[in-house]
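Undergrad: Chains as they are written, first to last, in the numbering used here: chain A, 1 to 345; chain B, 346 to 690; chain C, 691 to 1035; chain D, 1036 to 1380.
Even glycine gets a Cβ: it sits at the ideal position worked out from N, Cα and C.
The structure presented is a predicted model; accordingly, all values stated were derived computationally and were not measured.
Next up is a structure, given as structure tokens.
There are 4 protein chains.
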Amino acid sequence: MQLGMIGLGRMGADMVRRLTKGGQQCIVYDVQPAAVERLEQEGVTGASSLEDLVAQLDKPRAVWLMVPAAVVDGTLEKLVPLLEPGDVVIDGGNSYYHDDIRRGTELAVRKLHYVDVGTSGGVAGRERGYCLMIGGEAEIVKRLEPIFSTLAPGAAAAPATPGRTADKSTAEQGFLHCGPLGAGHFVKMVHNGIEYGLMAAYAEGLNVLRHADAGKHARDADAETSPLRRPEFYQYDLNLADIAEVWRRGSVIGSWLLDLIAGSLVSDADLKNYAGRVSDSGEGRWTVAAAIDEGVPTPVLSAALFERFSSRGEADFANRVMSAMRHDFGGHVEKPAAPSGSQQG
Amino acid sequence: MQLGMIGLGRMGADMVRRLTKGGQQCIVYDVQPAAVERLEQEGVTGASSLEDLVAQLDKPRAVWLMVPAAVVDGTLEKLVPLLEPGDVVIDGGNSYYHDDIRRGTELAVRKLHYVDVGTSGGVAGRERGYCLMIGGEAEIVKRLEPIFSTLAPGAAAAPATPGRTADKSTAEQGFLHCGPLGAGHFVKMVHNGIEYGLMAAYAEGLNVLRHADAGKHARDADAETSPLRRPEFYQYDLNLADIAEVWRRGSVIGSWLLDLIAGSLVSDADLKNYAGRVSDSGEGRWTVAAAIDEGVPTPVLSAALFERFSSRGEADFANRVMSAMRHDFGGHVEKPAAPSGSQQG
Amino acid sequence: MQLGMIGLGRMGADMVRRLTKGGQQCIVYDVQPAAVERLEQEGVTGASSLEDLVAQLDKPRAVWLMVPAAVVDGTLEKLVPLLEPGDVVIDGGNSYYHDDIRRGTELAVRKLHYVDVGTSGGVAGRERGYCLMIGGEAEIVKRLEPIFSTLAPGAAAAPATPGRTADKSTAEQGFLHCGPLGAGHFVKMVHNGIEYGLMAAYAEGLNVLRHADAGKHARDADAETSPLRRPEFYQYDLNLADIAEVWRRGSVIGSWLLDLIAGSLVSDADLKNYAGRVSDSGEGRWTVAAAIDEGVPTPVLSAALFERFSSRGEADFANRVMSAMRHDFGGHVEKPAAPSGSQQG
Amino acid sequence: MQLGMIGLGRMGADMVRRLTKGGQQCIVYDVQPAAVERLEQEGVTGASSLEDLVAQLDKPRAVWLMVPAAVVDGTLEKLVPLLEPGDVVIDGGNSYYHDDIRRGTELAVRKLHYVDVGTSGGVAGRERGYCLMIGGEAEIVKRLEPIFSTLAPGAAAAPATPGRTADKSTAEQGFLHCGPLGAGHFVKMVHNGIEYGLMAAYAEGLNVLRHADAGKHARDADAETSPLRRPEFYQYDLNLADIAEVWRRGSVIGSWLLDLIAGSLVSDADLKNYAGRVSDSGEGRWTVAAAIDEGVPTPVLSAALFERFSSRGEADFANRVMSAMRHDFGGHVEKPAAPSGSQQG
């Protein structure tokens, strides 16, 4: 099947490669001509402009946007006037599902179809395949199945779930029509919310392991410092790389994220390459916001989100408020940070 | 290699089966004669008493306890007098690592060796192998390697971690000597702490998905109820079984726990078989307690732990205190629970 | 000064009484004629309709809405056509500040002024006075000062803050012009978010005190139950009413909320009058949503919010997911709830 | 009544002053002779050694320790041999209640009595009085009542709780016999746990208010940064000092802590005097540990505790783990901190 791809960054280019390798035909465009050229050199058909892209596509056209969420609307503004009734626009990026509903409704007026696809897989997706969560009209999603099934990992990527009837849905192939407009990005949003929670759980646990030697370090014995009552219980020097590795086999907490952690720790046991300022790109926030709208408690997902905010210094003023209170009721004076070098983690 | 196994419950019996199948020789004992008989019918050598078990073992003996944490001390009281210098006791259950340190120190006086083994794998372990986190003296752990390597899943159970040198440790085979006395159960404790966090992350996310139809249900419009401002954004009827299934392939949140969730939802999409009273067996508590001792923040792991307490009604009095305050400052009267049937999740 | 009051519920009627007693003139209206009659019997001037109310007010009019957030827009729809340029509408209820901005902008087109007032004080406000957080145009807020200063508690209600220059703002009198449209309800929103956190802190602490006798109760000793290792440390029968009372004098945690708790516990030490289903009326949700928009971590405020959701059973499905996982990996079967009577709180 | 006071730091010296002013007779000692001299100059009787202190006291003696928790045992080691049956030792510091039980049991062997007193009030206590939470034998506590009632604020310090019978207990005077050995420090421990939660609630809320201008600051529009969707809703420049002040009168969140915040913000609106490294001195940790032992959920109290740990950099390694995962699955590169100056809070 033929597909136009707009946006040839990290994700977009690799998806084109996987589609091409899987026998689909891609016409590709990017605002950066070099990105187009790179794929042309691999035998993919490039387009020099949105007009050129649209002109090269058979009707009804299928155009996949793989651009940053912030530029989707700008791209649509230029693209939509070039399209004709029956054409399909697919947003495969990380759009907020509220935007999908708005955009899909606007496009429907022009008899254009809109499909939102939450795409998970990251840099490994080219080889492993992409997990696709899809929202939109059922018949349009059906029409695009050759694209989805080529991008997806396929059923063989995981053992069958016991009791599951294989032909019930396409979920086992790694792509799923979740519901109407926005449903794909809604499910992807929650997927990422869960991802935040999983990541934080591993990170916190590893931090506890890393400080299992706390009893070896003298702690100040002043009124500002809570003493470690039983230092004899914190005398372990644990090898986190080995521990992450051993958990990869047979344990209840095995996962792809754990595989990645094990890899990171092999090469950089102290993770010195990172400062620990953890970004968030929106989905975690939207997940908690949705939970609040629904009245559903998400203490773990929100704690994970807030840890990221705090890692970037956003709790600073709140912390100063607390220090000010301690000073004012108890005469407590802030302790300076431990001199660098004595800090271990 | 020869091993005495005490405790033939769910875990112990399956471990004996895996050991036997892997060519190790087990002599087995349980306070329930029927449990011993069951394994004898499978060709395993049974013992009629602790004395009988000890008598049948070659010296230096290796005896593995696979009994509830609460009865380890009672079992040791009877077992230890029967042993001789050089013998090894292995505690493979879910003991608190503080107890390992105490017990190991006591046994050392009698020139007995103590090895603590955190064992993960659950009911699937017999086939998949068990992930073993081990604490104790290095030479004793080395001596027991045939047992550990037979119980463990083996290197083939997961793809190699890129950059890792295979012969660096036994971690890749699924068992690891983590450190001195207690280190095995310390690592297993944190493993379970992480497990709580992972489980809660999935559970909360699925709950958000389940309530994605919140806009379809009329909400009361009174001063006690926060209205849903934008019901049009919560109109989705999502198929959680399909969503869990699609996430199993190619997504960032794939894991063994997710595999289990996918299986549960196939047969019982509403999980009606469960009341949602979630037990905890200690390790999650101990992980947070260790984090507090170390001064390490674990907001996600503790939120996950507290959700379990709340699921069992342990927040009730606190909730009543809040309702009482609301009544007293605002005249707010508690709303009764929605009639059963209108409740959806 | 003259004021029209629409909405004579709990709050509105008491505010009219305080205004009248303080020498201001109120014309009052409510959709329930009985509510109007009640105040007329106390000597207040009633109105039989919105038209009547508007007709009785001198120009430029000042009309205060004290109605549920959900009916503000409906009320404005009827009221606004009756007003004339220069008139002021005050929303003193619990509106979302987004709505203030929208409404104020709409009213400005008709040369009407809109003032949003976050009002705290509850049922005690009639005597103690109301804390007023105000948003809108400075000159209009200034014009209404006689109303605000009569409703507010006045400077004498609390000792002067050391170092504060008395004439800097009206804050010391208990009312404050916080900023432009919406600023009043924004500040009130965060006020309530803080309130949730404060309430939860007391409630959780009292719950810990209440269970200080945990060591007296036998706990099951099975694999599903974490044993209490040191029952000797949990042998206290604490009198919560006395403890709340003693904290009211000289302690760091004294507060008006604590005063209320002390009162509740006097008459009903077990708070049997409450089921513990804690409502939330929106501001706590909006506070956390604002924090997420701002990228500011609010782990305490969100934990407090989610406790309320959980108190109403909204975690149920998530809990069932966790029980299902425990069953599937460990063969764990849910324990039934303790028989009623053995439950202590 | 006569009392020996050991430990003349911030708290001890002020308590002596309040006792003396209230007509009680103090004999005082401190390891720093200068501290003794200071009080001698105010007319208090000093002692040059523990022996001297004990010699000057009438039998049965009452000796109050007001020393850091870490040196209580060392002091007792020297003091106890000097005492005689019937004498009473009072620990008024911040001891862990486990230690009270141990110490009281040891002293009982020598027929000495031990009373634990949790003391709240801070630097303001000299004037306001101290809130005293007391554990120990009833008759001994009774014997010390003149001391307690002089230190306590007295009934007039707060309005009577409606419905409360005045003579029911001493709670209304600001001191309370809570229960047997350790009960005083147990209640004080939870008091401080609550204090952490209250402080965090205010601090988080003020942080949300401080960032109410988030819409005025351009945010990066890249894949690492979640955009602020509605900047028009975050255009407020709020005066936190005025807001804290207005909340002091009539609002639901009025408290002594709020009074302190209002004072801090008057003189230093940005709290530039603080770095935001918030210490914790043990009670918050012990409260959460007790909650875990009891199986009582304390998500708010623990979130408040963990914020303090994080404020001191203790989440750093966990944050690096998260950044490493983001890099490995998504190719995400950490964003550097914003240049100083652009940072606002």
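Output the boundary residues of the alpha helix (DSSP H) element that contains Ser-120/A.
TA: First-last for Ser-120/A: 113-120, but that is the beta strand (DSSP E), not the alpha helix (DSSP H).
Undergrad: Taking all protein chains shown into account, decide if Asn-319/A is buried (16 or more other Cβ within 10 angstroms of its Cβ) or exposed.
TA: Result: buried.
Undergrad: Look up Ile-999/D in the DSSP assignment and say whether it is helix, strand or coil.
TA: Residue 999/D lies beyond the range of chain D shown here (1036 to 1380); nothing can be said about it.
Undergrad: Going by DSSP in three states, Gly-135/A sits in which element: helix, strand or coil?
TA: Strand, per DSSP.
Undergrad: What are the residues in the segment 1096-1115 of chain D lying within 7 Å of chain C by C-beta distance?
TA: Against chain C - using a Cβ distance shorter than 7 Å - the segment 1096-1115 of chain D contributes no residues.
Undergrad: Hey, Ala-392/B and Leu-398/B: beta-carbon distance below 7 Å or not?
TA: Going by C-beta atoms, Ala-392/B is nearer than 7 Å to Leu-398/B.
Undergrad: Give the straight-line distance between the Cα atoms of Asp-960/C and Leu-896/C, rounded to the nearest whole angstrom.
TA: Those two C-alpha atoms are separated by around 11 Å.
Undergrad: Are Cys-821/C and Ser-810/C close, meaning C-beta to C-beta below 7 Å?
TA: Yes; because the gap between Cβ atoms is below 7 Å, this pair is in contact.
Undergrad: Reducing DSSP to helix, strand and coil, say where Gly-1081/D ends up.
TA: Here Gly-1081/D sits in strand by DSSP.
Undergrad: Taking Cβ-Cβ distances shorter than 8 Å, what residues in chain D pair up with His-881/C?
TA: Result: Gly-1240, Trp-1282, Ser-1286, Val-1287, Ile-1288.
Undergrad: How about the segment 812-819 of chain C and the segment 780-788 of chain C: do they share at least three Cβ pairs that are nearer than 8 Å?
TA: As far as the Cβ criterion goes, the segment 812-819 of chain C does not touch the segment 780-788 of chain C, which means the pair count is below three.
Undergrad: Thinking just about the alpha-carbon of each residue, which of Gln-25/A, Gly-313/A, Glu-334/A, Gly-330/A is nearest to the one in Val-1158/D?
TA: The candidate whose alpha carbon is nearest that of Val-1158/D is Gly-330/A.
Undergrad: Do Ala-994/C and Tyr-886/C have their beta-carbon atoms positioned less than 7 Å apart in this structure?
TA: Yes, they are a contact pair.
Undergrad: Whole alpha helix (DSSP H) runs in the segment 530-612 of chain B with 4 or more residues, listed along the chain?
TA: Segments of the alpha helix (DSSP H) lying fully in the segment 530-612 of chain B: 585-592, 601-612.
Undergrad: Let's see if you can read the secondary structure: which residues bound the beta strand (DSSP E) around His-177/A?
TA: Element bounds for His-177/A: 175-179.
Undergrad: Smallest Cα separation from Arg-1053/D: which of Leu-1038/D, Asp-1065/D, Gln-1067/D, Val-1066/D?
TA: The residue with the shortest Cα to Cα distance from Arg-1053/D is Leu-1038/D.
Undergrad: Return helix, strand or coil for Ala-62/A, following the three-state DSSP convention.
TA: Reduced to three states, the DSSP call for Ala-62/A is strand.
Undergrad: How far does the alpha helix (DSSP H) with Asp-763/C in it extend, from its first residue to its last?
TA: Run containing Asp-763/C: 762-769, per the alpha helix (DSSP H) assignment.
Undergrad: Please confirm if Phe-1183/D has its CB atom under 7 Å from at least one CB of chain B.
TA: Chain B, which has no Cβ nearer than 7 Å to the Cβ of Phe-1183/D, makes this no.
Undergrad: Along the segment 506-523 of chain B, what residues have a CB closer than 8 Å to any CB found in chain C?
TA: Taking 8 Å as the Cβ-Cβ cut-off against chain C, none of the residues of the segment 506-523 of chain B qualify.
Undergrad: CB-CB under 6 Å to Val-266/A, same chain, minus the five flanking residues each way: which ones, in chain order?
TA: The answer, listed in chain order, is Ala-241.
Undergrad: 7 Å is my cut-off, CB to CB: does Ser-1030/C come that close to chain A?
TA: For Ser-1030/C, the pLDDT reaches just 44, beneath the cut-off of 50, and the residue's location in the model is therefore unreliable, although a value from the coordinates is still provided. No, its Cβ sits nowhere closer than 7 Å to a Cβ of chain A.
Undergrad: I'd like to check one pair, Tyr-234/A with Ser-1358/D: are the Cβ atoms closer than 7 Å?
TA: Not in contact: Ser-1358/D and Tyr-234/A (Cβ atoms no closer than 7 Å).
Undergrad: So the alpha helix (DSSP H) Asp-293/A belongs to, where does it begin and stop?
TA: Counting along the chain, the alpha helix (DSSP H) containing Asp-293/A begins and ends at 283-294.
Undergrad: Short check: CB of Ala-845/C to CB of Glu-829/C, under 7 Å?
TA: Contact flag unset, no.
Undergrad: Using the Cβ count rule (16 or more neighbours within 10 Å means buried), how would you classify Gly-1198/D?
TA: Classification for Gly-1198/D: exposed.
Undergrad: Within 10 angstroms of its Cβ, does Pro-843/C collect 16 or more other Cβ (buried), or is it exposed?
TA: Buried.
Undergrad: Can you give me, in chain order, the residues of the segment 602-613 of chain B that have a beta carbon less than 7 Å from any beta carbon in chain C?
TA: Per Cβ criterion, the list reads Leu-602, Leu-605, Ile-606, Gly-608, Ser-609.
Undergrad: Along chain D, which residues have their Cβ under 8 Å away from the Cβ of Ser-310/A?
TA: By Cβ distance, chain D contributes Glu-1342, Ser-1345, Ala-1350.
Undergrad: Between which two residues does the alpha helix (DSSP H) containing Gln-731/C stretch?
TA: Where Gln-731/C is concerned, the enclosing alpha helix (DSSP H) stretches over 723-731.
Undergrad: With a Cβ-Cβ cutoff of 7 Å, do Leu-198/A and Leu-543/B count as a contact?
TA: A contact, by the Cβ cut-off of 7 Å.
Undergrad: So, for Glu-51/A: in the same chain, excluding its five sequence neighbours on each side, which residues have a beta-carbon less than 7 Å away from its beta-carbon?
TA: Same-chain partners within the cutoff: Leu-82.
Undergrad: Which residue wins for smallest C-alpha separation from Ala-407/B, given the options Pro-378/B, Arg-455/B, Ile-492/B?
TA: When each option's Cα is compared against that of Ala-407/B, the closest is Ile-492/B.
Undergrad: Please classify Gln-56/A: does DSSP put it in a helix, a strand, or coil?
TA: It is helical.
Undergrad: Would DSSP call Val-693/B helix, strand or coil?
TA: An answer regarding residue 693/B cannot be provided, because it is not within the stretch 346 to 690 covered by chain B.
Undergrad: Along the chain, where does the beta strand (DSSP E) that runs through Asp-328/A open and close?
TA: No beta strand (DSSP E) contains Asp-328/A, which is instead part of the alpha helix (DSSP H) from 316-330.
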